[in-house]
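In my numbering, the protein residues as written are 1 to 173.
Built from N, CA and C at the ideal position, the CB exists for glycine as well.
Since we're looking at a predicted model, the values are computed, not measured.
I have placed the structure first, in the form of structure tokens, so that the comments after it can refer back to it.
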Amino acid sequence: MWQKKWTQRFIGWTKIGRRQTILWMESESFGKLSLGARILQLGRVKRVFSQIFCAKEGEKLLKASQCYLSTTVGPIAGLLFISTQRVAFCSDRSIKFSSPNGELVRIHYKVSIPLRKIKRANQSKNMKKPSQKFMEIVKMDNFDFWFMGFLNYQKAFSYLRLAISQAPNPNQK
């Protein structure tokens, strides 16, 4: 009798564990694991940045952070690179686009903003969930980019402020 009772409990725990594992795999933390895979394939983070964005001579990578870029179709997971000359983002996974000739093409979503074209960077947080923090980058033409879901938000934002403060100001002569 007691064996049947314990067997049923064990089966119940196994089902709960399996459900939790599936939920974890579907959560955003599982999506971030593949970001590390690209770094392992290409070597160091600096090499990934140089290869994806063709880093210019003298350009140094200050910080790379896993995060999400907010778009009209939803957040896109990827890496945010902060260098001495630009802020760049590359999606973790490729996205399907329709080419002019009608073919479906898979490309990585990329954004590259020269530091000299950044008007300001703002911090923001969700009023209902203060732990959810956002980073807004506004360009000179008032086009803005929103980044969220940082593992270390404060560190990424401080590197962004540092890079912007050290960039040459295009308004000064």
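**OP:** Leaving out five residues on either side along the sequence, give the residues of the same chain with a beta carbon under 7 angstroms from the beta carbon of LEU104.
**Re:** LYS96, SER98
Original post:
Should TRP146 be listed as close to the ligand MN, given that the test is whether its C-beta is under 6 angstroms from any heavy atom?
Top reply: This structure lacks the ligand MN, and indeed carries no ligand of any kind.
Subject >> Residues bridged to ARG86 [DSSP beta-bridge criterion] >> reply: In the DSSP assignment, ARG86 is bridged to PRO114.
**OP:** With DSSP collapsed to three states, give me the class of ARG44.
**Re:** Coil, per DSSP.
Original post:
Along the chain, where does the alpha helix (DSSP H) that runs through SER194 open and close?
Top reply: Because the chain spans 1 through 173 in this model, residue 194 falls outside it and cannot be assessed.
Original post:
Around the C-beta of ILE118, are 16 or more other C-beta atoms found within 10 angstroms, so that it is buried, or is it exposed?
Top reply: buried
Original post:
VAL45 to VAL111, Cα distance in whole Å?
Top reply: 17 angstroms
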